[in-house]
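Okay, so here's the structure we're looking at.
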Amino acid sequence: MAKMYPEHPAYCSFESDAERTLYHELKRQLPDSVVVMHSVPILLRPGERKEINCEIDFIVIDPDRGVLVLEVKGGGVLRDSRSGRWYSIDADEQKHEIDDPLRQAQRNRFALVEKLNETPRTRAFHYQVRHAVAFPDCTVGKQYLGPGCDPDLVIDGPAMQNLPRAIERALGPPAHDSRIGPLALEALVHALSPGIEIRRPSLGFALRQTESSILQLTEAQYRILKFLGRQRRAKIAGCAGSGKTMLAMEKARRLTEQGLRVLLTCFNASLASWMQQNFSPREGYGWPSDDSDYHLVVLHYHELARQLCARGGIPFHEPDDSESPAETTRFYREEAPELMLQALDRVPDRFDAVIVDEAQDFCEEWWVSLHAMLADPDQGILYAFYDDNQRIYQQEVRIPIEGEPYVLNENIRNTRQIFERFRPYYHGSEPPVCLGPDGPEVEHVPLGDTDLPTALRLKLDYLFDEERIPITDVVVLTPVRRESGLNALRQVGKWRLSWDRMGSQPDRVQVSTIHAFKGLEKPVVILTELDRVHPASAEQLLYVGLSRARSHLIVLGELPVV
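In the numbering used here, the protein residues as written are 163 to 724.
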């Protein structure tokens, strides 16, 4: 049975019953190795002696003998000897003038040869192409059709009973230059009946589009700083993705450019490192001094306490792994700020402005030390940026700045698809809205019987090998601390994992806890091990974890019910 294009008659537009009959007989009688194509349009570039376009009724491809262009004429056929005109005769004996079928088949053959010679995939091969005509409803027999016709090129009604033999006569015996190899056959089929798939944009393309849109929205958010330009003290509350960190950095940058000494601090060490890297060398960051070109310090609170004590000669003995969690918490919550106050009695370091990001995680004792770092504790500039819903270290938020907060309820960092996943975990007085692009759908990958390393490997293969996402654009987040869980893995498949908090190794996939990644973001986030989230902190961790992805979010396993 021949391989047909189209593969089913329902997909064909037959011009006559003769075409329909020939389609079925070619399919039924010819062997599997033969390819038959029905109704193939040929469009040539304009030029001298070229038929610009035509449509070939059938193309028969025999890998052993070559290619046959077959023109079909149904009904009766008549040629007037004196005028040379051709006519078809319908069932009512009515005559209809038609093109010379033999000459038409020949022209179509020339058009096909021309097309194969100009098509990149087929011009590298040689194809022996011949032409023939089929009169399925007629009996031609030994009737002489004129000096321009070879009887072997005519397939009439009786010949329809043995089409393999008729096709062999038209193509001639097999020859060395008539054979069509597998690559040549593939190229020929693709040229005449290409498979076309208009795909959705690739994930990589979609990410580039959404990242561009998000960047524009972030820059537009700076308008809030103009509104707050004359405010010396302000609380700015915002949902995840409202641009709080970028606004905090921009505020610090603008104050520094005015010649003010500025401290920019936060809770998360990884966030502080990221902010440091995103200030230009000209802006820099370091302790203020009279001979420095810049007056900007960017440190997370614990490192600020550590360095300040070192400058003042105050011992800063941090708890080691042998200490209990309660003792560690007590040290950083109570002792560290007290040691900072002692150091401030010994050093002149003071700031004109203090900018605090992640202010929801600062306890009351820390604010006392931060006020003491202001050159003018009463009139110095103090800004606090916070999100009450990202409170995973404090039971409640107490920011010692009078007045109502300025509320940022427009999410500009995440796509709408991601925003809708974490929005149910937001509990604020003013519901947030998303201004970001729609973006790719969030992927939920049920693990079932698949283990985590295998599921993660498959997803990384897809992102890096198929979608060509840069490895630095992806982070794997887990609620499980690095002493267990994913930390046991150094590699999945060919992908090496790294707990480097900045993800600075371009050949390794960054892995982090949700806690450590709070305040940070990536174009692509893979959330894992969510079944190990503690119920008491599930809402806050899910809110933080889900909102870390800017453009694409992948969840391996099920989201816990909270």
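For every residue, glycine included, the Cβ atom is placed at its ideal position computed from N, Cα and C.
- request: Please look up how many angstroms separate the CB atoms of I386 and L409, rounded, as I've assumed it's under 8 Å.
  value: 6 Å
- prompt: Is A521 closer than 7 Å to A498 when the C-beta atoms are compared?
  reply: no
field: I360 to G366 span [Cα, whole Å]
entry: Only weak support exists for where I360 lies, its pLDDT of 44 falling under 50; the value from the coordinates is given anyway. Spanning the two alpha carbons is a distance of roughly 16 Å.
- prompt: Using DSSP with H/G/I as helix, E/B as strand and the rest coil, what is Y289?
  reply: coil
field: Straight-line Cα distance separating M199 from H170
entry: 11 Å
- prompt: For F389, is the classification buried or exposed, using 16 other Cβ atoms within 10 angstroms of its Cβ as the cut-off for buried?
  reply: exposed
D669 in three-state terms, based on DSSP: coil
message: Using only the alpha-carbon positions, how far apart do A434 and P356 sit?
response: 54 Å
message: Between which residues of its own chain and N215 is the CB-CB distance below 6 Å, once the five residues before and five after are set aside?
response: L205
Whole runs of the beta strand (DSSP E) within the region 271-345, excluding any shorter than 3 residues: 291-297 and 316-318
message: Do E691 and D723 have their beta-carbon atoms positioned less than 7 Å apart in this structure?
response: Before going further, note that residue 723 is Val rather than Asp in the sequence given. In this structure, E691 does not lie closer than 7 Å to V723 by Cβ.
- prompt: To which residues does DSSP link W657 through a beta bridge?
  reply: V654
message: On the criterion of 16 or more Cβ atoms from any shown chain inside 10 Å, does E255 qualify as buried, or is it exposed?
response: exposed
Delimiting residues of the beta strand (DSSP E) encompassing S250: W248 to I251
Extent of the continuous alpha helix (DSSP H) to which A399 belongs: Segment R395 to G400 is the beta strand (DSSP E) holding A399; no alpha helix (DSSP H) there.
- request: Please determine, among C311, P320, D314 and E217, the residue with the shortest C-alpha to C-alpha distance to R271.
  value: E217
- request: Would you tell me roughly how many angstroms separate the C-alpha atoms of T407 and L426, rounded to the nearest one?
  value: 10 Å
task: Note down the Cα distance separating E210 from S245, rounded to an integer number of angstroms.
output: Residue confidence for E210 is low, a pLDDT of 49 falling below 50, so the modelled location carries little weight and cannot support an answer.
message: Rounded to the nearest angstrom, what separates D314 and R283 at their Cα positions?
response: 31 Å
query: Helix, strand or coil: how does DSSP classify H258 here?
result: strand
task: Could you tell me whether any non-hydrogen atom of the ligand NAD is closer than 6 Å to the CB of R385?
output: Summarising the ligand content, the structure contains no ligands, and the ligand NAD is consequently not present.
query: How would you label R190, buried or exposed, when you count the other beta carbons within 10 angstroms and need 16 or more for buried?
result: exposed
task: Find out if the Cβ-Cβ distance for the pair L354, V202 is shorter than 7 Å.
output: yes
message: In this structure, how does DSSP classify S178 when only helix, strand and coil are distinguished?
response: coil
message: Suppose the cutoff is 6 Å on Cβ atoms and the five residues either side in sequence are ignored; what does the same chain contact list for N279 look like?
response: R285
- request: Whole angstroms is fine: what's the gap from G446's alpha carbon to L622's?
  value: Reliability fails at G446, whose pLDDT of 48 lies under 50, so the model's placement of it is uncertain and the value that follows must be treated cautiously. If I take the Cα positions, the gap works out to 36 Å.
- request: Give the DSSP bridge partners of P203, in chain order.
  value: E217
field: N573 burial status per 10 Å Cβ neighbour count (16 or more: buried)
entry: buried
message: Using the Cβ count rule (16 or more neighbours within 10 Å means buried), how would you classify G237?
response: buried
task: Kindly indicate the opening and closing residues of the alpha helix (DSSP H) around A434.
output: A431 to Q439
- request: Could you name the residues of the same chain whose beta carbon sits closer than 6 Å to that of P477, not counting the 5 residues immediately before and after it, in chain order?
  value: none
- request: Determine the closest residue to I750 out of L184, P668 and Y624, with distance taken between C-alpha atoms.
  value: Nothing in the structure corresponds to residue 750, since the chain is present only between 163 and 724.
- request: Mind checking which residues open and close the beta strand (DSSP E) that includes K406?
  value: Counting along the chain, K406 falls outside any beta strand (DSSP E), though it belongs to the alpha helix (DSSP H) covering K406 to E419.
query: For N133, which residues of its own chain have a beta-carbon under 8 Å away from its beta-carbon, when the five flanking residues on both sides are left out?
result: The shown model of the chain, from 163 to 724, leaves out residue 133, and the question about it has no answer.
task: State the DSSP-derived secondary structure class of Y705, mapped to helix, strand or coil.
output: helix
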